[in-house]
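Residues 2 to 380 in my numbering are what the sequence shown lists, from first letter to last.
We put the beta carbon where it would ideally sit given N, CA and C, even for glycine.
What follows is a short report on a single structure.
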Amino acid sequence: MCVDVEDMIKELKALIEIPSIVGEEGELAKYLAEVLKNYGFTPELHRVEGDRYNVICRVRGDRPGRTLLLNGHLDTVPVASGWRTNPFKPKIEGDRLYGLGACDMKSGLVALLFGLKAFVDTFEDFAGEVIYSAVVDEEGFSKGAKALIREINADAAIIGEPYFAIERPAVIGATGKLLLEVKVVGKAAHAFRPWLGINAIEEASKIISKIADLEPIIDSRFGKIKPAVLKIEGGYERYNVTVPEECVFQVNRLTLPEETEEKVISWIKGIIESVDLKSKVEVKIRPPLYKGYVVKKDDPIVLAFRRAFIEEMNVAPKLSYYANITDANVITGEGGIPSIVFGPRGGNTHMANEYVELKTVEKAAKIYALTIKEFLALG
């Protein structure tokens, strides 16, 4: 299938020139909707909150069949220090295009769009439906993906994150994540007579030390998993000589697909109970939380992608599981839509001088088009 590479790179540059730092995606969503209209599609803007919109575009065939979701995110992380070029003025050097979001994941958005366009231009008649979606807040709390799964149904999804299935395998499963908040309540006393109180910070430190000493979980699919304490608060805001009666800390805990929230709560409570404490301890789950998932290697979307990849690349794609979080945790983990995470290759994501390799943008678009063909043909 033919992909208009010149137009695709032009649109990629245009997307990079529009800042869309997480929370500020409105202008880019409106621009992308206009691009879709210019190519003959009928997109809709779905407000998530404020001036933040998901872009959703449905392309229906002439008869019933499977529905395939093509998904990417509009938002980027903030600008890191150390850029040697303007992050909003894309610059091409050899095969690399530099700019904020070039790899994560505006190249994925345009490759998905031009893959869809190549499919529609090639096949006037087809069974089923393709949904193109560009969502907000992937770099935040996945509010866009959560809104999306409330509004659409699909049999499978392709998510255009930068996993090119060569050096970095495409994703067919990922860990989930829980953020545990542990509140330790002691007893205040004058700091000159601390034995009269219960120091909540000292009590919390016992639990934190126990967590730090834990051996990592070793899973055959996801590798090494270890909890990490991310934040701690306790003691005075303005100086005083009082034994702190309260300390709160948060623990990041990656989860396996089969682990429930109840099981993880039981896990942290077991750690707390193993420590000699005089204080009272409360545990709560705080957002964000994500469900882990695994897609079977013989799932129709995996088989369709594999055939498409081999047709374009003449080698089989690498597939793997990751201790990582993307919107696939929402679309697949929560929404139950089997997915494969695959997109153009690049580097320096979430860092200065982010780039994408342009040849892989073209290859990804063609593989998306072929995957659509293969998946809808299976229905």
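With 16 or more other Cβ atoms inside 10 Å of its own Cβ, K107 counts as buried.
With 16 or more other Cβ atoms inside 10 Å of its own Cβ, C58 counts as buried. Taking all protein chains shown into account, R287 has fewer than 16 neighbouring C-beta atoms within 10 Å of its C-beta and is therefore exposed. Cβ-Cβ distances below 7 Å link S280 to V185, V186, G187, I199, A201, E204 in the same chain, with the five nearest sequence neighbours on each side left out; the list follows chain order.
Residue environment analysis places S275 among the exposed positions, since fewer than 16 neighbouring C-beta atoms fall within 10 angstroms of its C-beta. The Cβ neighbour count for P217, taken over all protein chains shown within 10 Å, is under 16; the residue is labelled exposed.
For F120, the uninterrupted alpha helix (DSSP H) run begins and ends at 108 to 123, by DSSP. With a minimum length of 4 residues, the unbroken runs of alpha helix (DSSP H) contained wholly in the segment 186 to 249 fall at 201 to 213. By a beta-carbon distance limit of 8 Å, I332 contacts N72. Their separation comes to about 6 Å. Taking C-beta atoms as the reference points, D76 and E26 count as a pair closer than 7 Å. Leaving aside the five residues that flank D156 on each side, the residues in its chain whose CB is nearer than 6 Å to its CB run, in chain order, R67, T68. Cβ-Cβ distances below 8 Å link P163 to C104, D105, M106, S108, G109, R169, G344, P345, R346, G347, T350, V357 in the same chain, with the five nearest sequence neighbours on each side left out; the list follows chain order.
Here H74 is bridged, per DSSP, to V136. Judged by their CB atoms, L257 and G235 are not nearer to each other than the 7 Å cut-off. For a cut-off of 8 Å, the C-beta gap from H74 to E139 is around 3 Å, short enough to register as a contact. Taking the CA atoms as reference points, L320 sits about 56 Å from T243. A residue is called buried when at least 16 other Cβ atoms come within 10 angstroms of its Cβ; E238 does not meet this threshold and is exposed.
The Cβ atoms of K178 and Y322 do not sit closer than 7 Å to each other. Contact annotation: L70 and A135 have beta-carbon atoms that are not nearer than 7 Å. Straight-line measurement puts the Cα of P289 at about 32 Å from the Cα of N87. Sequence-distant partners of I209 (beyond 5 residues in either direction) whose C-beta falls short of 7 Å from its own C-beta, in its chain, are V230, F250. Sequence-distant partners of K207 (beyond 5 residues in either direction) whose C-beta falls short of 7 Å from its own C-beta, in its chain, are V276, L278. Note that the C-beta distance between I22 and P79 is below 7 Å. Following the DSSP letters along the chain, one finds A158 inside the beta strand (DSSP E) bounded by residues 157 to 160.
In this structure, A370 sits away from M9, with a CB-CB distance that is not shorter than 7 Å.
A residue is called buried once 16 or more other Cβ atoms fall within 10 Å of its Cβ, and K364 is buried on that count. Here A34 has P44, L46, V56 as same chain residues with Cβ atoms under 6 Å from its own Cβ, once five neighbours each way along the sequence are excluded. Of all alpha-carbon atoms in L16, A353, G336, the one lying nearest the alpha-carbon of I153 is that of G336.
With a cutoff of 7 Å on beta-carbon distance, A317 and I311 are scored as near each other. In the DSSP annotation of this structure, the continuous segment of the alpha helix (DSSP H) that includes V303 starts and ends at 301 to 314.
Rounded to the nearest angstrom, the Cβ distance from I219 to K211 is 19 Å, too far for a contact under 8 Å. In the three-state reduction of the DSSP assignment, G177 falls in the strand class.
Between the alpha carbons of G271 and A146 lies a distance of about 34 Å. If you ignore the 5 residues before and after V342, its C-beta comes within less than 7 Å of the C-beta of I160, E162, Y164, A171, V172, T327, A329, all in its own chain and listed in chain order.
Taking the CA atoms as reference points, E260 sits about 21 Å from A213.
The C-beta distance from V296 to S340 rounds to 6 Å, short enough to fall under 8 Å.
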